[in-house]
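Numbering (full-length UniProt numbering), first residue to last: 1 to 96.
Step one of this worksheet: look at the structure below.
Here it is, written out as structure tokens:
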């Protein structure tokens, strides 16, 4: 996924997705290994902030791809399942 995103995108934002009890910074370090130029990837660990940043920085005719959660409406952090929906967050920021 990293290689395709890097090749076909003008800008890539990487964010957390259900880190559970794993160290989210280590997960991100592993993700960044998939990029040829990881320094060009904007890392925003807070998923809502990452989606908001993508939407707020988009200009006319841009396409934003939010990948990862799909239909899931939760985020697992530690052993706790929190309500979180990429779709709801995107709709919120697109309407403001």
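For glycine and all other residues, C-beta sits at the position ideal for the given N, C-alpha and C.
Every value quoted in this text rests on a predicted model; they were computed, and no experiment measured them.
By the C-beta density criterion, residue 47 is buried, having at least 16 other C-beta atoms within 10 angstroms. The C-beta of residue 26 has fewer than 16 other C-beta atoms within 10 Å across all chains shown, which makes the residue exposed. By the Cβ rule, the region 75-92 counts as touching the region 18-38, because three or more pairs are nearer than 8 Å. Pairing residue 41 with residue 58 gives a Cβ-Cβ distance that is not under 8 Å. Around the CB of residue 54, 16 or more other CB atoms lie within 10 Å, so the residue is classed as buried. For residue 76, the enclosing beta strand (DSSP E) stretches over residues 74-77.
Between residue 35 and residue 2, the C-beta spacing is below 8 Å. Excluding five sequence positions before and after residue 85, the CB atoms of its chain that fall closer than 6 Å to its own CB belong to 73, given in chain order.
Unbroken alpha helix (DSSP H) stretches of 4 residues or longer found wholly inside the UniProt domain "Mur ligase C-terminal" (1-70): 2-8, 24-32, 47-57, given in chain order.
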